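Enquirer: In the working numbering, the protein residues as written are 240 to 368.
1) Give the range of the alpha helix (DSSP H) segment to which residue 341 is assigned.
2) What do you get for residue 342, buried or exposed, if any count of 16 or more other CB atoms within 10 angstroms of its CB means buried?
3) By how many angstroms is the C-alpha of residue 320 removed from the C-alpha of residue 354?
4) If you run the structure through DSSP and keep just helix, strand and coil, what is residue 247?
5) Where residue 329 and residue 243 are concerned, what is the direct C-alpha to C-alpha distance, given to the nearest angstrom?
6) State buried or exposed for residue 284, treating a residue as buried only when at least 16 other CB atoms are found within 10 Å of its CB.
7) To the nearest angstrom, how far is the alpha carbon of residue 359 from that of residue 290?
8) On the three-pair Cβ rule with 8 Å, is the segment 274-288 touching the segment 306-315?
9) Please state whether the Cβ-Cβ distance between residue 279 and residue 318 is less than 7 Å.
10) Going by C-alpha to C-alpha distance, which of 325, 247, 347 and 344 sits closest to residue 364?
Next comes the structure, spelled out in structure tokens:
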């Protein structure tokens, strides 16, 4: 009976992996985004994310480049969007707290990246979203 269960597990694993390959793009992108969103506050990496998705680093990196982004850009965009929701929804929250809760190392780095990606400071966003 154990060998039958083991065989079934192997079969299911094979089907899942094949499905990931044939569905490709949309599924893989959504899975990567979901993993990033679930781990925003952790120091996640491309190798860790690729491993979680059952892909090689180069495969995931190439896929993201085909979509016009990189892992780092996708991670930063998701963190910035999360910080914006916090700043908009919690006026009492400081920029430092929003940065911390969105996975940025410190408020200075967050402000610098925010300005680079959004063209204004988090404080300016808060005043006029």
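Ideal Cβ placement from N, Cα and C applies to all residues, glycine included.
Note that the coordinates shown come from a computational prediction; the quantities given were computed from them, not determined experimentally.
Expert: Working from what's here:
1) Counting along the chain, residue 341 falls outside any alpha helix (DSSP H), and DSSP gives it neither H nor E.
2) buried
3) A direct Cα-to-Cα measurement between residue 354 and residue 320 gives close to 13 Å.
4) helix
5) One C-alpha to the other measures close to 54 Å.
6) That one is exposed.
7) 35 Å
8) yes
9) yes
10) If we check each option's Cα against that of residue 364, 325 comes out closest.
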